[in-house]
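Enquirer: A single structure is presented below for examination.
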Amino acid sequence: MAIIRPDRLTTCQSERKSVDAGNVQAGYESGPPVTQLRQSKEAICNLIASKDSTVSGQIHLSQSSQNDPVAISVTVQGLNPPGLHGFHLHRDGNTGDDCKAAGPHFNPYNHTHGAPEDEIRHAGDFGNILADQHGNASHQINDSHISLYPGNVAYAVGRAFVVHAGRDDLGKGGNEESLKTGNAGGRLACCVVEAVNN
Numbered sequence: 001m002a003i004i005r006p007d008r009l010t011t012c013q014s015e016r017k018s019v020d021a022g023n024v025q026a027g028y029e030s031g032p033p034v035t036q037l038r039q040s041k042e043a044i045c046n047l048i049a050s051k052d053s054t055v056s057g058q059i060h061l062s063q064s065s066q067n068d069p070v071a072i073s074v075t076v077q078g079l080n081p082p083g084l085h086g087f088h089l090h091r092d093g094n095t096g097d098d099c100k101a102a103g104p105h106f107n108p109y110n111h112t113h114g115a116p117e118d119e120i121r122h123a124g125d126f127g128n129i130l131a132d133q134h135g136n137a138s139h140q141i142n143d144s145h146i147s148l149y150p151g152n153v154a155y156a157v158g159r160a161f162v163v164h165a166g167r168d169d170l171g172k173g174g175n176e177e178s179l180k181t182g183n184a185g186g187r188l189a190c191c192v193v194e195a196v197n198n
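In structure tokens, the structure reads:
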């Protein structure tokens, strides 16, 4: 039978009291909540078609930690086949007025419009998605210009993704509108980004 020395018991009790005191001081009764220990973030966006559009789809976003890029998975149906369609994150989380209420591209750093790989670009510039002959598009993006963590200036939750009718010229169109919208045309569908596990 194991024998527990009284002095060791006293030490263990002292250590436990120290841990409990630390938790109480931090505002916890029995250790940090599980939600605080979970570092990864996820968000989702279900596309809503604008008037005279049949576009639908879903966008899933995930970020493992604050220092990791955001992984964006895009699945869209009902596009005009085949061809490129501008795909952007817009500033305002509002799908009204056939997606016009979503406002301009999300641009917290006050940059001009550009390609996803450009250093100077809107945070919401994600280039184009490619529709196949059936009008379907599947696209994967890893991006470090936005964040799923509250408090970050580029926080994407509560903003709106928009799928456009035309091709994004990536800011290379040679006119003023190119540096704002990429001349991507009308708005076929949009959705507001919603946090899954925040």
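Numbering (the UniProt record's numbering), first residue to last: 1 to 198. Each residue gets a CB set at the ideal place from its N, CA and C atoms; glycine is no exception.
For ALA71, I'd like the list of residues in its chain whose CB is within less than 6 Å of its CB, leaving aside the five on either flank, ordered along the chain.
Expert: Residue numbering aside, residue 71 sits at position 71 when the sequence shown is read from its first letter. The residues are SER62 and ASN142.
Enquirer: Using only CA atoms, which one of VAL196, GLU194, CYS190 and GLY124 lies nearest to LYS51?
Expert: Start at 1 with the first residue of the sequence shown, and residue 51 comes out as number 51. Ranking VAL196, GLU194, CYS190 and GLY124 by Cα distance to LYS51 puts CYS190 first.
Enquirer: Specify whether the segment 136–156 and the segment 94–104 touch according to this definition: at least 3 beta carbon pairs, one from each stretch, less than 8 Å apart.
Expert: As far as the Cβ criterion goes, the segment 136–156 does not touch the segment 94–104, which means the pair count is below three.
Enquirer: Would you kindly work out how many angstroms separate the C-alpha atoms of LEU84 and SER65, rounded to a whole number?
Expert: Here residue 84 refers to the residue found at position 84 of the sequence shown. Here residue 65 refers to the residue found at position 65 of the sequence shown. So the alpha carbons of these two residues sit roughly 32 Å apart.
Enquirer: Alpha carbon to alpha carbon, how far is LEU170 from GLN39?
Expert: Here residue 170 refers to the residue found at position 170 when the sequence shown is read from its first residue. Here residue 39 refers to the residue found at position 39 when the sequence shown is read from its first residue. Straight-line Cα distance between these residues: approximately 33 Å.
Enquirer: Look up GLU194 in the DSSP assignment and say whether it is helix, strand or coil.
Expert: Against the sequence shown, residue 194 aligns to sequence position 194. In this structure, GLU194 counts as strand in the three-state DSSP scheme.
Enquirer: Would you call GLN36 buried or exposed, if buried means 16 or more other Cβ atoms sit within 10 Å of its Cβ?
Expert: For the purposes of this step, residue 36 is taken as residue 36 along the sequence shown, with counting starting at 1. For GLN36, the predicted model reports a pLDDT of 42, less than 50, meaning its position is unreliable; a value from the coordinates is still stated below. So GLN36 ends up on the exposed side.
Enquirer: Could you have a look at LEU179 and say whether DSSP puts it in helix, strand or coil?
Expert: In the sequence shown, counting from the first residue as 1, residue 179 sits at position 179. Correct three-state label for LEU179: helix.
Enquirer: What three-state label does DSSP hand ALA160 in the structure shown?
Expert: For the purposes of this step, residue 160 is taken as residue 160 along the sequence shown, with counting starting at 1. DSSP places ALA160 in strand when its eight states are reduced to three.
Enquirer: When the distance is taken between beta carbons, is VAL163 closer than 8 Å to GLY106?
Expert: Your numbering for residue 106 matches position 106 in the sequence shown. Your numbering for residue 163 matches position 163 in the sequence shown. Before going on, a small fix: residue 106 reads as Phe here, not Gly. For PHE106 and VAL163, no; Cβs fall outside 8 Å.
Enquirer: Excluding the five sequence neighbours on either side, which residues of its own chain have a C-beta within less than 7 Å of the C-beta of ASN80, listed in chain order?
Expert: Translated into positions along the sequence shown, residue 80 becomes position 80. Hits under 7 Å: ALA131 and GLY135.
Enquirer: PHE87 lies in the beta strand (DSSP E); which residues open and close that run?
Expert: In the sequence shown, residue 87 corresponds to position 87, counting from 1. Its beta strand (DSSP E) spans residues 83–90.
Enquirer: Do the CB positions of ILE44 and PHE161 come within less than 8 Å of each other?
Expert: Counting from 1 along the sequence shown, the entry for residue 44 is found at position 44. Counting from 1 along the sequence shown, the entry for residue 161 is found at position 161. In this structure, PHE161 does not lie closer than 8 Å to ILE44 by Cβ.
Enquirer: What is the DSSP secondary structure of ALA43, reduced to helix, strand or coil?
Expert: In the sequence shown, residue 43 corresponds to position 43, counting from 1. Strand, per DSSP.
Enquirer: For ASN128, list the residues DSSP reports as bridge partners.
Expert: Along the sequence shown, one-based indexing puts residue 128 at 128. Partner(s): GLY86.
Enquirer: Bridge partners for GLN63 per DSSP, in chain order?
Expert: Locating residue 63 in the sequence shown gives position 63, counting from the first residue. According to DSSP, GLN63 bridges with LYS41.
Enquirer: Using a Cβ-Cβ cut-off of 6 Å (strictly less than) and excluding sequence neighbours within five positions of SER144, which residues of its own chain qualify?
Expert: As a working mapping, residue 144 is identified with position 144 in the sequence shown. Taken in chain order, the residues that qualify are PRO69.
Enquirer: Could you give the distance in angstroms between the alpha-carbon of HIS111 and the alpha-carbon of THR181?
Expert: Reading the sequence shown from its first residue, position 111 is the one you call residue 111. Reading the sequence shown from its first residue, position 181 is the one you call residue 181. Rounded to whole angstroms, HIS111 to THR181 spans 12 Å at the Cα level.
Enquirer: Could you name the residues of the same chain whose beta carbon sits closer than 7 Å to that of GLU177, not counting the 5 residues immediately before and after it, in chain order?
Expert: Taking the first residue of the sequence shown as 1, we reach residue 177 at position 177. Same-chain partners within the cutoff: ASN183.
Enquirer: Return the Cβ separation of VAL74 and ALA137 in integer angstroms, given the expectation that the two are a contact with Cβ distance under 8 Å.
Expert: Position 74 of the sequence shown, counted from the start, is the residue given in the question as residue 74. Position 137 of the sequence shown, counted from the start, is the residue given in the question as residue 137. At roughly 7 Å, the Cβ-Cβ gap stays under 8 Å, so VAL74 and ALA137 are in contact.
Enquirer: Give a yes or no on whether the C-beta atoms belonging to ALA165 and LEU89 are separated by under 8 Å.
Expert: Numbered from 1 along the sequence shown, position 165 holds the residue referred to as residue 165. Numbered from 1 along the sequence shown, position 89 holds the residue referred to as residue 89. Result no, Cβ atoms of ALA165 and LEU89 do not sit closer than 8 Å.
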